[in-house]
Amino acid sequence: MKTSSKRRAIRSAAAPAVTQFPGSFPLIKRGHATYWPDLLDDHDSIASLDENLMDKFIIRGGNPLVGTIRVSGAKNAALPAMAASILTEEPVILENIPDVRDIRTERSLLQSMGAEVELAYGGDVHRTSLCCRNLSNPEAAYDLVKTMRASTLVLGPLIARTGRARVSLPGGCAIGARPIDLHIKGLERLGAKITQEHGYIEASAERLHGGQITFDKITVTGTEDLMMAAALADGETVMENCAREPEVSDLASLLNKMGAHITGAGTSTIKIRGVKKLGGAHHRIIPDRIEAGTFIIAASLTGGDLTVADCDPSHLGALFNKLQECGVAFSFNADSVSITNGHTLKAADISTEEYPGFPTDMQAQYMALATQAEGSTVVTENIFENRFMHAQELVRMGANIRVEGRRAVVRGRTPLSAAAVQCSDLRASASLVIAALVAEGETVLDRVYHIDRGYERIEEKLRAVGAQIERIGELFPKKSPSPVGVA
Ligand code: EPU
Numbered sequence: 355m356k357t358s359s360k361r362r363a364i365r366s367a368a369a370p371a372v373t374q375f376p377g378s379f380p381l382i383k384r385g386h387a388t389y390w391p392d393l394l395d396d397h398d399s400i401a402s403l404d405e406n407l408m409d410k411f412i413i414r415g416g417n418p419l420v421g422t423i424r425v426s427g428a429k430n431a432a433l434p435a436m437a438a439s440i441l442t443e444e445p446v447i448l449e450n451i452p453d454v455r456d457i458r459t460e461r462s463l464l465q466s467m468g469a470e471v472e473l474a475y476g477g478d479v480h481r482t483s484l485c486c487r488n489l490s491n492p493e494a495a496y497d498l499v500k501t502m503r504a505s506t507l508v509l510g511p512l513i514a515r516t517g518r519a520r521v522s523l524p525g526g527c528a529i530g531a532r533p534i535d536l537h538i539k540g541l542e543r544l545g546a547k548i549t550q551e552h553g554y555i556e557a558s559a560e561r562l563h564g565g566q567i568t569f570d571k572i573t574v575t576g577t578e579d580l581m582m583a584a585a586l587a588d589g590e591t592v593m594e595n596c597a598r599e600p601e602v603s604d605l606a607s608l609l610n611k612m613g614a615h616i617t618g619a620g621t622s623t624i625k626i627r628g629v630k631k632l633g634g635a636h637h638r639i640i641p642d643r644i645e646a647g648t649f650i651i652a653a654s655l656t657g658g659d660l661t662v663a664d665c666d667p668s669h670l671g672a673l674f675n676k677l678q679e680c681g682v683a684f685s686f687n688a689d690s691v692s693i694t695n696g697h698t699l700k701a702a703d704i705s706t707e708e709y710p711g712f713p714t715d716m717q718a719q720y721m722a723l724a725t726q727a728e729g730s731t732v733v734t735e736n737i738f739e740n741r742f743m744h745a746q747e748l749v750r751m752g753a754n755i756r757v758e759g760r761r762a763v764v765r766g767r768t769p770l771s772a773a774a775v776q777c778s779d780l781r782a783s784a785s786l787v788i789a790a791l792v793a794e795g796e797t798v799l800d801r802v803y804h805i806d807r808g809y810e811r812i813e814e815k816l817r818a819v820g821a822q823i824e825r826i827g828e829l830f831p832k833k834s835p836s837p838v839g840v841a
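Every number in the working numbering is 354 more than the matching position in the sequence shown, counting from 1.
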């Protein structure tokens, strides 16, 4: 084996990927990753590998997606559901929790506070049981919050259950400033005393009381945070201008199973009658509408016949309306959608909005599609101020995109050609994967840890329906900076 390839690891569960790399070493399996043992020479333990990996995807474009691809549970429903376990001493058992990095971060966060966690993963089982009987440390430290903003979802439940919370302010983020002022304002309305010091929010309350909250702006996690806090407050809370996302309704449904009295979730007015105590519950998380939408767009672009299974098409109305305008043909069942291809794509403008509008979390993937549609597409991003990082990477692959503030104009169709590109955030990464599936040649996609935050083994799912995609792990890049080629 050449020195350069000694410095590399293949991360893949599929045998064909491994056999591309000749060698007689027994491979080491850890989780879903496979490592060449000689890579570990100068390191004590394989336990440190995950932190040091800078995985890449190698994607060869041109294959249609054919067959059935299954959707995992919704990350953005699972995160608040896990935070809701703080509200009770009893176990909360959650099914369909996706095996993604953000979920692992939240698990670590809850464990750092004293939560007992039990996992059951394998085949179709994706169960996480959480028991917050002893919450010894009601704090969300900067190290965890900085890697995942949704950590701030513990703020409301912690104050409601323990009367105090210390949560790091998240700071800025790749897609926008994303303040949490509306969470704070709402909690103050419910009687919490909140101060900010040394980058932390310190909150306390003897007991929260119900109140009237009107959000100045629609916020998804803000609605969820306050709904959880109000569930244990004295009296009734009425929240206006709430987020109507399916993930908010899913959380309300879990909280009601735990003994809360919440009505109106899924509409802009939510009423919560506080209770003294909440109990345990067993709940199945809804399917991930953004993962489903990502596969639907990938299928619309690559051709072939793909069924996206285990999803809820009723959560994807805005996307289907646009794809219909683009000329994509699809048919539904209750929990699946099939895309049949062969049509020329036509440009159709999008403008992101809160649910039920076109989701900001699908904007980047749709932009990849727009590069292959006949005509000009205007993409307007209304939710986050800096969510066009993928545009320049798509341009490097041959797209014609001009960004002007919150608008991007995509002129299609331009052939895409493979390039070395970088992921900047979760959905931008998904956009680049989709583009690479139709690009001519072999795209090297760097920093795929972004995609691992929210897509469960996307490369394995796509490979099973015909995509040529491999995960390559480059070990210890700081110690071994020499660039390596693809074996
Ligand atoms: N905002 C404020 N103040 C606040 C809260 C929000 O000004 O206190 C602003 C934000 O800066 C943004 C807008 O309100 O401009 C909407 O933000 P929102 O609070 O709704 O976003 P979020 O709750 O932080 C969730 C999802 C995001 C998704 C957005 C919008 C989770 C864990 N995250 O974020 O998901 O983009 O809603 O739909 O639910 C993703 O999965 O890739 C992702 C970023």
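Where is the CB? At the ideal position from N, CA and C, for every residue including glycine.
Pairwise C-alpha distance: residue j and residue i
{"i": "residue 556", "j": "residue 584", "result": "18 Å"}
{"i": "residue 638", "j": "residue 438", "result": "14 Å"}
{"i": "residue 308", "j": "residue 616", "result": "Given a span of 355 to 841 for the chain in the structure shown, any question on residue 308 remains unanswerable."}
{"i": "residue 711", "j": "residue 474", "result": "35 Å"}
{"i": "residue 769", "j": "residue 605", "result": "43 Å"}
{"i": "residue 457", "j": "residue 432", "result": "8 Å"}
{"i": "residue 550", "j": "residue 686", "result": "49 Å"}
{"i": "residue 703", "j": "residue 520", "result": "43 Å"}
{"i": "residue 530", "j": "residue 707", "result": "16 Å"}
{"i": "residue 630", "j": "residue 511", "result": "13 Å"}
{"i": "residue 581", "j": "residue 540", "result": "10 Å"}
{"i": "residue 479", "j": "residue 422", "result": "19 Å"}
{"i": "residue 397", "j": "residue 803", "result": "Low local confidence applies: a pLDDT of 29 at residue 397 is under 50, so the model's placement there is unreliable, with the coordinate-based value given in what follows. Taking the straight line from one Cα to the other gives about 22 Å."}
{"i": "residue 821", "j": "residue 653", "result": "11 Å"}
{"i": "residue 755", "j": "residue 709", "result": "26 Å"}
{"i": "residue 501", "j": "residue 693", "result": "35 Å"}
{"i": "residue 513", "j": "residue 625", "result": "19 Å"}
{"i": "residue 663", "j": "residue 558", "result": "45 Å"}
{"i": "residue 553", "j": "residue 459", "result": "20 Å"}
{"i": "residue 738", "j": "residue 532", "result": "8 Å"}
{"i": "residue 791", "j": "residue 416", "result": "6 Å"}
{"i": "residue 425", "j": "residue 810", "result": "9 Å"}
{"i": "residue 484", "j": "residue 435", "result": "10 Å"}
{"i": "residue 440", "j": "residue 673", "result": "35 Å"}
{"i": "residue 452", "j": "residue 645", "result": "11 Å"}
{"i": "residue 819", "j": "residue 759", "result": "37 Å"}
Whether residue i touches residue j by CB criterion (7 Å)
{"i": "residue 665", "j": "residue 727", "result": "no"}
{"i": "residue 753", "j": "residue 725", "result": "yes"}
{"i": "residue 572", "j": "residue 593", "result": "no"}
{"i": "residue 796", "j": "residue 414", "result": "yes"}
{"i": "residue 667", "j": "residue 691", "result": "yes"}
{"i": "residue 329", "j": "residue 446", "result": "Nothing about residue 329 can be reported from this structure: the residues present for the chain run from 355 to 841 only."}
{"i": "residue 773", "j": "residue 751", "result": "yes"}
Cβ-based neighbour list, residue i, same chain, cut-off 6 Å, excluding 5 preceding and 5 following
{"i": "residue 718", "result": "744, 781, 782 and 785"}
{"i": "residue 481", "result": "449 and 474"}
{"i": "residue 563", "result": "545, 587, 588 and 589"}
{"i": "residue 722", "result": "785, 788 and 789"}
{"i": "residue 404", "result": "With a pLDDT of 49 at residue 404, under the threshold of 50, the predicted position of this residue should be treated as unreliable, though the coordinate-derived value follows. Excluding sequence neighbours, residue 404 sits near nothing in its chain."}
Same chain, Cβ closer than 7 Å to residue i, five either side skipped, listed in chain order
{"i": "residue 848", "result": "With the chain covering 355 to 841 only, the question about residue 848 has no answer from this structure."}
{"i": "residue 742", "result": "735, 757 and 762"}
{"i": "residue 807", "result": "454, 455, 456 and 780"}
{"i": "residue 565", "result": "543, 544 and 591"}
{"i": "residue 622", "result": "594, 595, 596 and 598"}
{"i": "residue 465", "result": "471"}
{"i": "residue 705", "result": "712, 734 and 736"}
{"i": "residue 527", "result": "503"}
{"i": "residue 641", "result": "425, 427, 428, 664, 665 and 666"}
With 16 other Cβ atoms within 10 Å as the buried cut-off, status of residue i
{"i": "residue 411", "result": "buried"}
{"i": "residue 429", "result": "buried"}
{"i": "residue 487", "result": "exposed"}
{"i": "residue 676", "result": "buried"}
{"i": "residue 824", "result": "buried"}
{"i": "residue 560", "result": "exposed"}
{"i": "residue 472", "result": "exposed"}
{"i": "residue 647", "result": "buried"}
{"i": "residue 771", "result": "exposed"}
Nearest-angstrom beta carbon gap, residue j and residue i [assumed within contact, 8 Å]
{"i": "residue 489", "j": "residue 462", "result": "That belief does not hold up - the Cβ atoms of residue 489 and residue 462 are roughly 15 Å apart, past 8 Å."}
{"i": "residue 670", "j": "residue 643", "result": "6 Å"}
{"i": "residue 491", "j": "residue 517", "result": "The pair is not a contact, with the Cβ atoms about 14 Å apart (cut-off 8 Å)."}
{"i": "residue 658", "j": "residue 419", "result": "5 Å"}
{"i": "residue 632", "j": "residue 442", "result": "4 Å"}
Sequence-distant residues of its chain with Cβ nearer than 8 Å to residue i (five each side left out)
{"i": "residue 607", "result": "619 and 637"}
{"i": "residue 701", "result": "680, 724, 727, 728, 729, 730, 731, 764 and 766"}
{"i": "residue 506", "result": "494, 499, 521, 524, 534, 537, 575 and 579"}
{"i": "residue 698", "result": "681 and 728"}
Within-7 Å CB hit, residue i to chain B
{"i": "residue 780", "result": "You won't find chain B in this structure, because it holds only one protein chain."}
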